[in-house]
Structure formats: structure tokens, C-alpha cells
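Q: Mind the numbering: the sequence shown is residues -27 to -1, 1 to 84 in mature numbering (1 follows the signal peptide of the UniProt record, and there is no 0), read in order.
The beta-carbon is built from N, C-alpha and C at its ideal position, and this holds for glycine as well.
The structure displayed is predicted, hence computed values, not measured ones.
Pasting a structure here, questions to come.
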Amino acid sequence: MTRKSKFLHLAALTVAAAIYLAAAGHAAAQANTRNCGPRALVVDRLATTYGETRQSMGLGTGNQVIEVFASSETGTWTITVTTPAGMTCLVASGQAFEELAEALPAPGNDA
């Protein structure tokens, strides 16, 4: 994994984690609503409806998997949380997805 791809992965996970922390309880509470479904079905719909593919992933509290899906063609993005039981919930979505390659500050530099 290149430094750029590691940074992109870390940046996406940071955004996903922040949103996840704000919405984890909400997503878990909605496990039986229209915003949730079996992971395979959710991933298929994101791909076929929006052209989104997984861009990054990480492990959250309670062994929940946090994933960021996005389309470089349409700019749409979706963040999902998947429970250990395989239920996937949509946590957030939007437009204007961009990959960033910002340089990390030099060690010891708070800038």
C-alpha cells in the first residue's frame, strides 16, 4: 500500500468514524427499518443504482464494520455500518466525493 493510499484510507476512516460515533445508536435502533438490510443486498443496490464501490473500511465498536462507498463518476458517496449479524445500515450519504492526498505535517509541527 502506497503512502498516498494509506493516507486516503485513513482520511476516509476518520470521516466515517466521526459520523459513526454521532449516528451509531441511531443506526442500531433502525436495524429493522428501510435504511437497513442484508449486506449483500445493500452493496448490490449501491453498485447498481449509484455506481458506488467500497473505498475504505474499518472496525468500529462492537465489531461493527464501517465502510465508505463512492462513485468517482457521479460523485455520490455512502457510509454504512454492518453489524456482526450481517445487517447493514445506511448512516450517511451525499454528493461531491473527492479523493484527497494532503501531506501530513512534519513530526513536531502542529501546523
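Go to residue 63, then tell me how far its beta strand (DSSP E) extends in each direction, as first and last residue.
A: The sequence position of residue 63 within the sequence shown is 90, counting from 1. Taken as a continuous stretch (DSSP letters only), the beta strand (DSSP E) holding residue 63 covers 60 to 67.
Q: Going by DSSP, which residues form a beta bridge with residue 78?
A: Taking the first residue of the sequence shown as 1, we reach residue 78 at position 105. According to DSSP, which records beta bridges pairwise, residue 78 is partnered with nothing at all.
Q: By Cβ distance below 6 Å, which residues in the same chain neighbour residue 42 in space, the five residues on each side in sequence not counted?
A: To locate residue 42, count along the sequence shown from 1; it is residue 69. Around residue 42: 19, 25, 27, 51.
Q: Given that a residue counts as buried once 16 or more other Cβ atoms are within 10 Å of its Cβ, and exposed if not, what is residue 37?
A: Translated into positions along the sequence shown, residue 37 becomes position 64. Per the 10 Å Cβ criterion, buried.
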